[in-house]
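Trainee: If you're matching positions, the sequence shown starts at 159 in the working numbering and goes up one per residue.
Using N, Cα and C, we set each Cβ at its ideal position, and we do this for glycine too.
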Amino acid sequence: MTRQQLPYYERALDSYADHIICYVRQSGERSWHASLDCGIKSRVSDPDFAEFGYGASRQEASGRCANAIRQNARGIGQNAPFETLRDGYDLKIRLMRHWAQKERFEAFGFDPNAMVSLALKADERDQWMLKSDDSITRRDSTRIMEFEFLLLMAQAFHEIRERGLDANDARDSVLEGLRRVFSKDLRQICPPGDETWGLVEARIHEMLLEPADSMVPAR
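1. DSSP has R183 in a bridge; who is on the other side?
2. Is it the case that the region 223 to 230 contacts the region 171 to 185, given that we only count it when at least three CB pairs across the two stretches are under 8 Å?
3. From which residue to which residue does the alpha helix (DSSP H) around E209 run?
4. Do F266 and A312 have their C-beta atoms closer together than 8 Å?
5. Quick one: what does DSSP say P350 is sitting in, helix, strand or coil?
6. Out of F207, L366, A231, A280, which has the shortest C-alpha to C-alpha gap to K199?
7. Please classify D195: is it buried, with 16 or more other beta-carbons within 10 angstroms of its beta-carbon, or exposed?
8. Let me check understanding here. Comparing Cα to Cα, which of L171, Q163, V202, A214 lies closest to R188?
9. Buried or exposed: A314, going by 16 or more other Cβ atoms within 10 Å of its Cβ?
10. With respect to the alpha helix (DSSP H) encompassing N271, which residues constitute its N-terminal and C-terminal limits?
11. At which residue ranges does the region 260 to 344 contain complete beta strand (DSSP E) runs of 3 or more residues, listed in the order of the chain?
12. Considering only residues of the same chain and omitting the five flanking positions on each side of H256, which have a CB-CB separation below 8 Å?
13. Quick one: using the 10 Å Cβ neighbour count with 16 as the cut-off for buried, is S380 buried or exposed?
14. Helix, strand or coil for L367, going by three-state DSSP, please let me know.
15. Could you give the DSSP three-state label for C196: helix, strand or coil?
16. Any Cβ of chain B within less than 8 Å of the Cβ of Q163?
17. State buried or exposed for Q259, treating a residue as buried only when at least 16 other CB atoms are found within 10 Å of its CB.
Next up, the structure:
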């Protein structure tokens, strides 16, 4: 069994690629910036290693940032390792689950960091009309739902291309997957109501009628 075939929480930090453990985005014509990717719902206490993540290319920026992250996780440097990178819940469950999801995006043919960027912007347009009296909970819930939805759609597009999956079956698989995610892994965020599920169905229908590159495929 290869390292990538192990459950995400049994893998070593070094088994994840630089651009997977980092959130990498372009900040200028020849300027890229990377930081530690702690997931769609990060914490104020999470380190970001952003001061190390500048480069003239995506590879350079993620490489520099990832090197600092890996060094810290090995206990090299002042106050190392940071709590987030210790061998415990934060690293093994919170971060590595997110990194494994990014790997799935890539396996399906999509740029994982572009998908993270789309999810982080979902609350700006109140994408899912989730209800909560707490604005932070509503923001985080919207972003998480967007990320999970995009991952299920990426898988659906992949199965349509590679297996000839029928569009109706793809629709059903996305709905079933999203309901399963919310019933098990995401019970702590805003539960989707009827209005939200209506938006989900409408968006699935719209996206299945569009080419898959509408989701920003890998470059």
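Mentor: This is what the structure gives:
1. DSSP lists H191 as the bridge partner or partners of R183.
2. Counting C-beta pairs with one atom in each stretch, the region 171 to 185 and the region 223 to 230 have three or more that are closer than 8 Å, which means they touch.
3. No residue range can be given for E209, since it is assigned to no alpha helix (DSSP H) and is classified by DSSP as neither H nor E.
4. Yes, Cβ-Cβ distance for F266 and A312 is below 8 Å.
5. Coil at P350, not helix or strand.
6. Nearest option by C-alpha distance: A280.
7. Buried is the label assigned to D195, since at least 16 other Cβ atoms lie within 10 Å of its Cβ.
8. The shortest C-alpha separation from R188 is found at A214.
9. With 16 or more other Cβ atoms within 10 Å, it is buried.
10. Where N271 is concerned, the enclosing alpha helix (DSSP H) stretches over 270 to 278.
11. Correct list: empty.
12. Scanning its chain for C-beta atoms nearer than 8 Å, with the 5 sequence neighbours on each side dropped, one finds around H256 the residues D195, C196, G197, I198, in chain order.
13. Beyond the ends of the chain as shown, which are 159 and 377, falls residue 380; an answer cannot be given.
14. Three-state DSSP puts L367 in coil, outside helix and strand.
15. Look at C196 here: in three-state DSSP terms it is coil, with no helix or strand label.
16. Reference to chain B is not applicable here, since this structure consists of a single protein chain.
17. Flag for Q259 reads buried.
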